[in-house]
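Numbering (our numbering), first residue to last: 552 to 665.
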């Protein structure tokens, strides 16, 4: 299980970052007012091209909101797969019982979580 998680991070890590950057740039190009506000925040926090640090990053609250909104609108992954570690029974919204056996692969649709 740990190996699967590590493999997911290694293989999917660069793709999710590239997807986030691509959609954020698209969203900024499509929304000049948001882009302008983002530039203002960066200019107000990073004076005279000073180096970015952990403390300065924490001040970029609007930037964080822009990135999170891009992730919300354009998720880099459509689904994840997890393996049941024990037998379980889920109750659906219609009251139907769904039995899941240990070892069953379960696909979670991330788009449906929003």
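Think of the CB as a built atom: it goes at the ideal place given N, C-alpha and C, for glycine as much as any other residue.
Run through the DSSP bridge pairs and tell me what residue 641 is partnered with. 649, per the DSSP bridge assignment.
Taking 9 Å as the cut-off, decide whether the C-beta atoms of residue 626 and residue 576 are in contact. Not a contact, by the Cβ cut-off of 9 Å.
So who's on the other strand from residue 660, going by DSSP bridges? Per DSSP, 630.
Flag this pair as yes or no: are the beta carbons of residue 586 and residue 579 separated by less than 9 Å? Closer than 9 Å, so yes.
Check residue 593 in the structure and name its three-state DSSP category. Reduced to three states, the DSSP call for residue 593 is helix.
Report the residue from 599, 605, 581 and 632 whose alpha carbon sits nearest the alpha carbon of residue 556. Checking every option, the nearest Cα to that of residue 556 belongs to 632.
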